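Student:
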Amino acid sequence: MKEEVGDMILNNNKKLGPTPKSIGVEQEFQQIAKTEESNLLRELACTRNGINDEEREERLEKYGYNDLSAMQKHSWVYFLVHSFADAFIVVLLVLAIVTFVVESDILSGSIILALACMSAVIRFFQDYGSYRDMQKLKEMEHDTVRIQVPGKDGTEVREVPVEEVVPGDIQLIGSGDIVSGDLYLLESKDLFVSVSAFTGESIPVEKYKGVDDRIVNAAELNNICLGGSTVNSGTGVGVVVRTGTSSYLGKISSTIHTKKKETDFDKSLSKITRILITYMIVVVIFVLLINGLVKKNWLEAFLFSISVAVGITPGMLPMIVNGTLAKGAKFLAKKKTIVKNMSAIQNLGAIDVLCTDKTGTLTMDHVVLQKYLDVNGEDSHLVLNYAWMNAYYSTGVKNLIDRAILAYGEESNAQKYAGGYVKSDEIPYDFERRRMSVLISNPGGEHLGGNVEEILPMPQDEVLITKGALESVLECCSRIRVKKEYMDIHEEDLAKINALAEQLNKEGMHVIGVAAKKKSVGDTTVFHAEDETNMTFLGIIAFLDPPKPDAKEAIRGLYDAGVHVKVISGDAPVVVEHVCKLVGMKVGDQRAVTGSDLENMSDAELSSVVEKNDIFARLSPMQKKRVVDALRNNGHVVGYMGDGVNDAPSLHDADVGISVDNATDVAKASADIILLEKSLTVILNGIYEGRRIYGNILKYMKMALSSNFGNVFSVLIASIFLPFLPMLPLQILIQNLIYDFTQIAIPWDNVDDEFLQTPHKWNSASLVSFMNVIGGFSSVFDVLTFLVLWFILGYNTLAMQNYFQTGWFIEGLISQILIVQFIRTSKRPIIDSKCDSRLALASAFGIFVGISIPDLFDNLKNTVFTEMPFEYFMYLIIILALYSTTIEIVKKFYIKKYGSWL
Numbered sequence: 001m002k003e004e005v006g007d008m009i010l011n012n013n014k015k016l017g018p019t020p021k022s023i024g025v026e027q028e029f030q031q032i033a034k035t036e037e038s039n040l041l042r043e044l045a046c047t048r049n050g051i052n053d054e055e056r057e058e059r060l061e062k063y064g065y066n067d068l069s070a071m072q073k074h075s076w077v078y079f080l081v082h083s084f085a086d087a088f089i090v091v092l093l094v095l096a097i098v099t100f101v102v103e104s105d106i107l108s109g110s111i112i113l114a115l116a117c118m119s120a121v122i123r124f125f126q127d128y129g130s131y132r133d134m135q136k137l138k139e140m141e142h143d144t145v146r147i148q149v150p151g152k153d154g155t156e157v158r159e160v161p162v163e164e165v166v167p168g169d170i171q172l173i174g175s176g177d178i179v180s181g182d183l184y185l186l187e188s189k190d191l192f193v194s195v196s197a198f199t200g201e202s203i204p205v206e207k208y209k210g211v212d213d214r215i216v217n218a219a220e221l222n223n224i225c226l227g228g229s230t231v232n233s234g235t236g237v238g239v240v241v242r243t244g245t246s247s248y249l250g251k252i253s254s255t256i257h258t259k260k261k262e263t264d265f266d267k268s269l270s271k272i273t274r275i276l277i278t279y280m281i282v283v284v285i286f287v288l289l290i291n292g293l294v295k296k297n298w299l300e301a302f303l304f305s306i307s308v309a310v311g312i313t314p315g316m317l318p319m320i321v322n323g324t325l326a327k328g329a330k331f332l333a334k335k336k337t338i339v340k341n342m343s344a345i346q347n348l349g350a351i352d353v354l355c356t357d358k359t360g361t362l363t364m365d366h367v368v369l370q371k372y373l374d375v376n377g378e379d380s381h382l383v384l385n386y387a388w389m390n391a392y393y394s395t396g397v398k399n400l401i402d403r404a405i406l407a408y409g410e411e412s413n414a415q416k417y418a419g420g421y422v423k424s425d426e427i428p429y430d431f432e433r434r435r436m437s438v439l440i441s442n443p444g445g446e447h448l449g450g451n452v453e454e455i456l457p458m459p460q461d462e463v464l465i466t467k468g469a470l471e472s473v474l475e476c477c478s479r480i481r482v483k484k485e486y487m488d489i490h491e492e493d494l495a496k497i498n499a500l501a502e503q504l505n506k507e508g509m510h511v512i513g514v515a516a517k518k519k520s521v522g523d524t525t526v527f528h529a530e531d532e533t534n535m536t537f538l539g540i541i542a543f544l545d546p547p548k549p550d551a552k553e554a555i556r557g558l559y560d561a562g563v564h565v566k567v568i569s570g571d572a573p574v575v576v577e578h579v580c581k582l583v584g585m586k587v588g589d590q591r592a593v594t595g596s597d598l599e600n601m602s603d604a605e606l607s608s609v610v611e612k613n614d615i616f617a618r619l620s621p622m623q624k625k626r627v628v629d630a631l632r633n634n635g636h637v638v639g640y641m642g643d644g645v646n647d648a649p650s651l652h653d654a655d656v657g658i659s660v661d662n663a664t665d666v667a668k669a670s671a672d673i674i675l676l677e678k679s680l681t682v683i684l685n686g687i688y689e690g691r692r693i694y695g696n697i698l699k700y701m702k703m704a705l706s707s708n709f710g711n712v713f714s715v716l717i718a719s720i721f722l723p724f725l726p727m728l729p730l731q732i733l734i735q736n737l738i739y740d741f742t743q744i745a746i747p748w749d750n751v752d753d754e755f756l757q758t759p760h761k762w763n764s765a766s767l768v769s770f771m772n773v774i775g776g777f778s779s780v781f782d783v784l785t786f787l788v789l790w791f792i793l794g795y796n797t798l799a800m801q802n803y804f805q806t807g808w809f810i811e812g813l814i815s816q817i818l819i820v821q822f823i824r825t826s827k828r829p830i831i832d833s834k835c836d837s838r839l840a841l842a843s844a845f846g847i848f849v850g851i852s853i854p855d856l857f858d859n860l861k862n863t864v865f866t867e868m869p870f871e872y873f874m875y876l877i878i879i880l881a882l883y884s885t886t887i888e889i890v891k892k893f894y895i896k897k898y899g900s901w902l
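If you read the sequence shown in UniProt numbering, its first letter stands for residue 1, the second for the next number, and so on.
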């Protein structure tokens, strides 16, 4: 058995062999916890003095660095290469190569290459910038740890970087330290550790040496301190048994270091990309065949088909998407938000359900003493003073409860009435007893106040004062104090006390009990937990983690924005229910769904429960994940906000994982967005920014798709009936470049307020319907232009083809730029909804360039353009006016049928 336990201690120790796959991570730590100290040190090949420098270097090389994020470190080259990994960018690069090699057309190839590179560069700067911001955050974290090493004169204490801690190190921990690596305790003194990152419980637990053979979670084992937990008070010495990816934190991290699920935005964009590339291939083949068969010039047909491929490829899509997201990231950065995954910004705007924890988000994460009551529910300064003495005279760094008591006592001048005594002994808090006691005496014989003489009447007496979990304190009481009288405790008294506590819990308060008893000096020489008997119950102290001042307004703002809020917490159900009501959540008489409730539910039942309920309490990490998965399976776009290890699986599975800069490493690694301030208001700002981004991306996509579809359809018609190409390849590329240039300003465009009020999910079907309808009408007016050029203006011979091609170049470019104003809003353009000035200037500049180019190129040798007569522009104005009027009419019918424009 000892050998088997040794194998489980370090699964990356080559001498010991791998951990059996049948052993789960919790069972592994249970095996370690029940191993004798001597056996454990022997298996780790170390002593109580630690390991020397040479051995440390060997182990560092063998086991690797104690850094969960090491695998995620990348150079700028990685991000540069990754920035080109976009389907449309790849298509443009291929077309550029074909243009250079096959056509030997340097100008056309350079134009195509420029379009691809502009988009990739924007993506590179944003992704690499976010990565560097995250690295700077990491550098600010705790980075050294104290260890014991063998020295000339015995044991020496040395500080080493956290990343260099290895199995077998003897680590020293004390108040305020973050445990680095999983420790098996060898020594401890009043050691209290916060394991809230693993369990969600805010109250620290005591850790102490000695074999622990209980079957409990790793965080609850008495002699194990998990890496990532923090020391609240006391000191300890432990041997490091696991580091890095082999640690408990690393095991959890490894379960989420899989490819993140595709979000609604990612899936829709991928689907649209596949549709467009397929569409482009089919169209290019048709254009090639039609022009080759009709005009009998296959080389010219091939060159033209390549140009058409560039023309119908929304080459600016990656640039517009990345540019818009980059602008959103900069906006959020000013709001103390770091964006790790750019697509998460749009997803943030798309979420219709936000799952959040309670502590620190809805509440201040700062416990405040609210009430001090006797058994009748009346204020009792005696209860306050005894609680103050227990907190004041206890050893070590004070926990949240102690600090709250002392802070309130300072305001109420408790020192005057309860100070001046001497502590004789104490019994620290532990997880099983869930209470702590101090023994105080009054050697001077003079009382400072009148609140303690009932129990401490004589100088030769001592008083044992106990506080802790209510049920635990009541267990050691045989009497109660009622109106300065002492009597035996009865069932009805217990019922009254528990009812009082339940009422306080319903008001969102955390309750502890206070008891005391008199002892004569010299009764015992050693004080034990067994002495916590036959005590007198004095009353109750109640605490509250008050709601944040802006929480109610933020909740209202989220509801107004069409986002449903669900609270998922590890706290007691009644406390969570009360806080939810305080911050204005629409929960009515809802009761919290607990983890035990979830355990008995099938996936189908849970699917219904998550729709009807908004409060979830006492949930384990995997239960939280089940709730998130159920919501996503129901078709919701889910945001999840959390900062603990127990939140990591949910952060990973949500469409948008939101964490904070002081969260655990594994939580930050799982998140898409890191907040430098934990606030729902920041998230609300992000939601509106995400919707603005979505609106602007959608504008471009609908503009580009409808325009490209119309142009291609027009090209096919013209190719069948015209004896020459409707537009030359270089004209198509120049038209595409000018049009795309005008769209660079879209990320700065305004979005109608009405659009921002509701969440929007990507809908590929709506894009296809929009493309067919608007693209079809665009093609109608292209054909109308063909008819005017052919029949009215007489550009119907090979000698006049330059006039025809130039005429369609100008009309096609201006109509594409002009239609932007009509597509960008469901309202009347310019009159009811004005675009951003930068977009207006870019559009005006594009139209000016489109009209000027034929005049500038007219006198050049072998020009592809020719100067158009005044008569042409008269017809052009009529065609554009008819086009604009028609689009406005079609817009009304489209909205009536499909329910929305964007």
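Glycine included, C-beta positions come from ideal geometry on N, C-alpha and C.
All of these numbers come straight from a predicted model, not from anything done at the bench.
Work out the CA separation of LYS517 and PRO457 for me, nearest whole Å.
Tutor: Taking the first residue of the sequence shown as position 1, residue 457 is located at position 457. Taking the first residue of the sequence shown as position 1, residue 517 is located at position 517. Reliability fails at PRO457, whose pLDDT of 39 lies under 50, so the model's placement of it is uncertain and the value that follows must be treated cautiously. Distance between the alpha carbons of PRO457 and LYS517 is about 12 Å.
Student: Determine, using beta carbons only, whether ILE540 and ILE405 come nearer to each other than 8 Å.
Tutor: Reading the sequence shown from its first residue, position 540 is the one you call residue 540. Reading the sequence shown from its first residue, position 405 is the one you call residue 405. Cβ atoms of ILE540 and ILE405: not closer than 8 Å.
Student: Roughly how many angstroms separate the alpha carbons of VAL579 and ASN52, rounded to a whole number?
Tutor: Walking along the sequence shown from the start, residue 579 turns up at place 579. Walking along the sequence shown from the start, residue 52 turns up at place 52. Rounded to whole angstroms, VAL579 to ASN52 spans 53 Å at the Cα level.
Student: Which residues in the same chain have their Cβ closer than 7 Å to the Cβ of LEU651, if we skip the five residues on either side of it in sequence?
Tutor: For the purposes of this step, residue 651 is taken as residue 651 along the sequence shown, with counting starting at 1. Result list for LEU651: TYR640, GLY642, GLY657, SER659, ALA667, SER670 and ALA671, in chain order.
Student: What is the rounded straight-line gap between the Cα of LYS896 and the Cα of ILE889?
Tutor: Residue numbering aside, residue 896 sits at position 896 when the sequence shown is read from its first letter. Residue numbering aside, residue 889 sits at position 889 when the sequence shown is read from its first letter. Rounded to the nearest angstrom, the two C-alpha atoms are 11 Å apart.
Student: Judging by CA-CA distance, which residue of ARG691, LYS335, PRO759 and PHE713 is the nearest neighbour of VAL751?
Tutor: In the sequence shown, residue 751 corresponds to position 751, counting from 1. Nearest option by C-alpha distance: ARG691.
Student: Report buried or exposed for ALA604, applying the criterion of at least 16 other Cβ atoms within 10 angstroms of its Cβ.
Tutor: Position 604 of the sequence shown, counted from the first residue, corresponds to residue 604. So ALA604 ends up on the exposed side.
Student: Please give me, in chain order, every unbroken run of the alpha helix (DSSP H) with length at least 4 that falls completely inside the segment 784 to 854.
Tutor: Whole alpha helix (DSSP H) segments, 4+ residues: 801 to 823.
Student: Note down the Cα distance separating SER412 from LYS467, rounded to an integer number of angstroms.
Tutor: Numbered from 1 along the sequence shown, position 412 holds the residue referred to as residue 412. Numbered from 1 along the sequence shown, position 467 holds the residue referred to as residue 467. Looking at the two C-alpha atoms, the distance is approximately 20 Å.
Student: In or out: VAL102 buried (at least 16 other Cβ within 10 Å) or exposed?
Tutor: Counting from 1 along the sequence shown, the entry for residue 102 is found at position 102. That one is exposed.
Student: What three-state label does DSSP hand GLY657 in the structure shown?
Tutor: Locating residue 657 in the sequence shown gives position 657, counting from the first residue. If DSSP states are grouped into helix, strand and coil, GLY657 belongs with the strands.
Student: In the DSSP assignment, the beta strand (DSSP E) including ASP172 goes from what residue to what residue?
Tutor: Here residue 172 corresponds to residue number 172 of the sequence shown, with the count starting at 1. The displayed chain sequence assigns Leu, not Asp, to residue 172. Run containing LEU172: 170 to 174, per the beta strand (DSSP E) assignment.
Student: May I ask you to list the residues that DSSP assigns as paired with THR356?
Tutor: Within the sequence shown, numbered from 1, the residue matching residue 356 stands at position 356. According to DSSP, THR356 bridges with VAL567 and MET641.
Student: To which residues does DSSP link PRO649 through a beta bridge?
Tutor: The sequence position of residue 649 within the sequence shown is 649, counting from 1. The partner list for PRO649 (beta bridge, DSSP) is empty, contrary to what the question assumes.
Student: So, using beta-carbon positions, are ALA329 and MET342 closer together than 8 Å?
Tutor: Walking along the sequence shown from the start, residue 329 turns up at place 329. Walking along the sequence shown from the start, residue 342 turns up at place 342. Yes; because the gap between Cβ atoms is below 8 Å, this pair is in contact.
Student: Per the contact definition of three or more C-beta pairs closer than 8 Å, is the segment 869 to 884 in contact with the segment 770 to 790?
Tutor: Short answer: they touch.
Student: Considering only the alpha carbon of each residue, which of ILE887, LYS581 and THR863 lies closest to SER706?
Tutor: Position 706 of the sequence shown, counted from the first residue, corresponds to residue 706. Of the listed residues, the one whose Cα sits closest to SER706 is ILE887.
Student: Go through its chain and collect everything with a Cβ distance to VAL482's Cβ below 8 Å, but skip five positions before and after it.
Tutor: By 1-based counting over the sequence shown, the position of residue 482 is 482. Excluding residues within five positions, the ones whose Cβ falls inside 8 Å are ASP374, VAL375 and ASN376.
Student: According to DSSP, is MET71 helix, strand or coil?
Tutor: Within the sequence shown, the letter at position 71 stands for residue 71. In this prediction, MET71 has a pLDDT of 46, which is less than 50 and means its spatial position is unreliable; what the coordinates show is noted afterwards. Helix, per DSSP.
Student: Cα-Cα, which of GLN415, CYS835, TYR417 and PHE809 is closest to GLU867?
Tutor: To locate residue 867, count along the sequence shown from 1; it is residue 867. Comparing Cα-Cα distances from GLU867 to each of GLN415, CYS835, TYR417 and PHE809, the minimum goes to PHE809.
Student: So the alpha helix (DSSP H) LYS761 belongs to, where does it begin and stop?
Tutor: Position 761 of the sequence shown, counting from 1, holds the residue named residue 761. Note, LYS761: premise wrong, no alpha helix (DSSP H); not H, not E.
Student: So what's GLY181 in DSSP terms, helix, strand or just coil?
Tutor: In the sequence shown, counting from the first residue as 1, residue 181 sits at position 181. In the structure shown, GLY181 sits in coil (DSSP, three-state: anything other than H, G, I, E or B).
Student: Within the same chain, show all residues whose beta-carbon is closer than 6 Å to that of LEU159, passing over the 5 residues directly before and after it, in chain order.
Tutor: Working through the sequence shown from its first residue, we reach residue 159 at position 159. A small correction: the amino acid at residue 159 is Glu; Leu does not occupy that position in the sequence shown. Result list for GLU159: THR144 and ARG146, in chain order.
Student: Taking the alpha helix (DSSP H) that MET535 falls in, what are its first and last residues?
Tutor: Taking the first residue of the sequence shown as position 1, residue 535 is located at position 535. Looking at the DSSP string, MET535 is not in any alpha helix (DSSP H); the run it does join, the beta strand (DSSP E), is 535 to 544.
Student: What's the C-alpha gap between SER229 and VAL193?
Tutor: Here residue 229 refers to the residue found at position 229 when the sequence shown is read from its first residue. Here residue 193 refers to the residue found at position 193 when the sequence shown is read from its first residue. Rounded to whole angstroms, SER229 to VAL193 spans 7 Å at the Cα level.
Student: Count the C-beta pairs between the segment 845 to 857 and the segment 765 to 783 that are closer than 8 Å, then say yes if the count reaches three, no if not.
Tutor: Not touching, per the Cβ criterion.
Student: Between which residues of its own chain and GLY64 is the CB-CB distance below 7 Å, once the five residues before and five after are set aside?
Tutor: Residue 64 sits at position 64 when you count from the first residue of the sequence shown. GLY244, listed in sequence order.
Student: For ALA844, which option in ASP493, ILE345, GLN743 and ILE320 has the closest C-alpha, if you only look at C-alpha atoms?
Tutor: For the purposes of this step, residue 844 is taken as the residue at position 844 of the sequence shown. Nearest of ASP493, ILE345, GLN743 and ILE320 to ALA844, Cα basis: GLN743.
Student: Which partner residues does PRO547 have in the DSSP bridge list?
Tutor: Along the sequence shown, one-based indexing puts residue 547 at 547. The partner list for PRO547 (beta bridge, DSSP) reads THR363.
Student: Can you tell me which residues form a DSSP beta bridge with THR594?
Tutor: Along the sequence shown, read from residue 1 onward, the residue named residue 594 stands at position 594. Answer by DSSP bridge pairing, in chain order: ALA617.
Student: Provide the residue(s) that pair with CYS225 in DSSP beta bridges, ordered along the chain.
Tutor: Indexing the sequence shown from 1 puts residue 225 at position 225. Note: CYS225 sits in a beta bridge opposite LEU183.
Student: So which of ASP190, ARG56, LEU698 and TYR694 has the shortest CA-CA distance to GLU426?
Tutor: Within the sequence shown, numbered from 1, the residue matching residue 426 stands at position 426. Measuring from the Cα of GLU426, the nearest candidate turns out to be ASP190.
Student: Evaluate contact between the segment 714 to 725 and the segment 85 to 98, counting only Cβ atoms and requiring at least three cross-stretch pairs below 8 Å.
Tutor: Segments in contact, no.
Student: Indicate whether the contact test is met: 3 or more Cβ pairs, each with one atom in the segment 755 to 770 and one in the segment 686 to 704, closer than 8 Å.
Tutor: Result yes; three or more Cβ-Cβ pairs closer than 8 Å.
Student: Counting Cβ pairs, one atom from each stretch, are 3 or more of them under 8 Å apart for the segment 613 to 633 and the segment 562 to 571?
Tutor: Contact between the segment 613 to 633 and the segment 562 to 571 is present, because at least three Cβ pairs lie under 8 Å.
Student: Considering only the beta carbon of each residue, do LEU582 and PRO547 sit closer than 8 Å?
Tutor: Walking along the sequence shown from the start, residue 582 turns up at place 582. Walking along the sequence shown from the start, residue 547 turns up at place 547. Yes, these two residues count as a Cβ contact at 8 Å.
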